[in-house]
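*Asks:* Under the working numbering, the letters of the sequence shown match residues 280 to 608, in that order.
Glycine included, C-beta positions come from ideal geometry on N, C-alpha and C.
Treat the numbers as computed from the prediction; the structure is a model and nothing was measured.
Take a look at the following structure, please.
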Amino acid sequence: MNPDYTIIRLLADGRFHSGEGLAARLGISRASVWKRLRQVEQQLGLDIHAVRGRGYRLAQPLELLDEALLRAGLERSVLERIDRIDLHDHLDSTNSYLMGLAPEQQHPVQVCLAELQTAGRGRRGRAWVSPYGCNIYLSIGWLYPMGPGHLSGLSLLAGIAVVRALESLGIEGAGLKWPNDILWEGRKLAGLLLEVSGEHAGPSRVVLGLGFNLRLSQEAARAIDQPWIDLASIPGSAGIGRNRLAAQLLNQLIAMLGRFEGEGLAPWVEEWTRLDLYYGQPVILQMGQRRVAGVHQGIDHSGALLLESQGALQTFHGGEISLRPGGAG
280 MNPDYTIIRL LADGRFHSGE GLAARLGISR ASVWKRLRQV EQQLGLDIHA VRGRGYRLAQ
340 PLELLDEALL RAGLERSVLE RIDRIDLHDH LDSTNSYLMG LAPEQQHPVQ VCLAELQTAG
400 RGRRGRAWVS PYGCNIYLSI GWLYPMGPGH LSGLSLLAGI AVVRALESLG IEGAGLKWPN
460 DILWEGRKLA GLLLEVSGEH AGPSRVVLGL GFNLRLSQEA ARAIDQPWID LASIPGSAGI
520 GRNRLAAQLL NQLIAMLGRF EGEGLAPWVE EWTRLDLYYG QPVILQMGQR RVAGVHQGID
580 HSGALLLESQ GALQTFHGGE ISLRPGGAG
């Protein structure tokens, strides 16, 4: 049974609403209001306060996604590229939704956002913690004329776009971890997932997914197995709402995705190096059971990792990077 998203919207302002008033708005009994609120608490993990004589309220107000607010925050050049913006109360995954569209439903640029993901995914099949109404879960679908082999480095360019969006909102100090993590003071703030399908000679269907921690409770974060942070914990973030953040992320991501077709990654390697939190540091590259130790020397024009190891500069196109314990050279 799906939770009642209508009642959530009525409570989203964080103010008290009487049971009688909620019952009248919803056309149900006061007893049914109580049952629906218990269901919302259990299924969505929302904390609802009930006070005799005052009614019900959410412990924390929610800024729910609003297409009008999103569109108002988008630059004209970005709006002109977007064919559709789909907002959902819940999805298994915004990436899966766009990847699953039938060919006749696919358009050059599509945007999908969800309040909740039940099967959000990170890289290598990891689960992405996706509680209701508090973070950003968005995907962008894009059609490129070239084949998948020409899209190397696209997710790195998207990482630069996310940091640019943060800087435009006054948030400093964010950086990148190859290939597609956005960190702040060594803790993960956001992650990207790129999925590509298409013929060798093109065209290619790209879906770029972004999970961004805006406000994450300790309870929801228990399933996260690495250091993390949310935007609400970063100085200077007060007043940055979900719709404003989502719009600015879309502004930067869509602009970058558009430039990639004609320019590739090469013009942005210097900017990636500026943002690369691991540049010049001893690291371990983990690829399945194989571990390669060396000094991280940045990326090449295709987005491959450059690692100085055993006296030679080696190139890697996959794997996971982590600091070597002790920081030995």
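Within 10 angstroms of the Cβ of residue 480, are there 16 or more other Cβ atoms? Answer buried if so, exposed if not.
*Replies:* Flag for residue 480 reads exposed.
*Asks:* Please give the ranges of any beta strand (DSSP E) in the region 451-535, keeping only runs that are unbroken, at least 3 residues long and fully inside the region.
*Replies:* Complete beta strand (DSSP E) runs here, min 3: 453-456, 460-463, 466-477 and 483-491.
*Asks:* Roughly how many whole angstroms lie between the Cα atoms of residue 298 and residue 414?
*Replies:* Computed Cα separation, rounded: 28 Å.
*Asks:* The alpha helix (DSSP H) that contains residue 290, what's its start and end?
*Replies:* Residue 290 -> alpha helix (DSSP H) spans 284-290.
*Asks:* Classify residue 389 as buried or exposed, calling it buried when 16 or more other Cβ atoms lie within 10 Å of its own Cβ.
*Replies:* With 16 or more other Cβ atoms within 10 Å, it is buried.
*Asks:* Taking the alpha carbon of residue 495 as the point to measure from, which residue in 373, 578 and 325 has its own alpha carbon closest?
*Replies:* That would be 325, whose Cα lies nearest to the Cα of residue 495.
*Asks:* Hey, quick one: how far does the beta strand (DSSP E) through residue 576 stretch, first residue to last?
*Replies:* It spans 569-578 - the beta strand (DSSP E) in which residue 576 sits, taken as one unbroken run.
*Asks:* Counting Cβ pairs closer than 8 Å, one from the region 465-474 and one from the region 581-590, do we hit at least three?
*Replies:* No: fewer than three Cβ pairs fall under 8 Å.
*Asks:* Report yes or no: do three or more beta-carbon pairs, one from the region 343-361 and one from the region 524-534, lie closer than 8 Å?
*Replies:* Cβ pair count under 8 Å is three or more, so yes.
*Asks:* Could you tell me which uninterrupted beta strand (DSSP E) segments, each at least 3 residues in length, are contained entirely in the region 328-388, listed from first to last along the chain?
*Replies:* Within the region 328-388, the complete beta strand (DSSP E) runs of at least 3 residues are 334-337 and 363-367.
*Asks:* Quick one: measure Cβ to Cβ for residue 391 and residue 417, integer angstroms, because I've assumed they're closer than 8 Å.
*Replies:* Right, their Cβ atoms sit about 7 Å apart.
*Asks:* Secondary structure at residue 561, three-state DSSP: helix, strand or coil?
*Replies:* Here residue 561 sits in strand by DSSP.
*Asks:* Excluding the 5 residues preceding and the 5 following residue 284 in the sequence, name in chain order all residues of the same chain whose CB lies nearer than 6 Å to its CB.
*Replies:* Result list for residue 284: 368, in chain order.
*Asks:* Give the secondary structure of residue 583 by DSSP, where H, G and I count as helix, E and B as strand, and everything else as coil.
*Replies:* Note: residue 583 maps to coil in three-state DSSP.
*Asks:* Which partner residues does residue 416 have in the DSSP bridge list?
*Replies:* Answer is 490.
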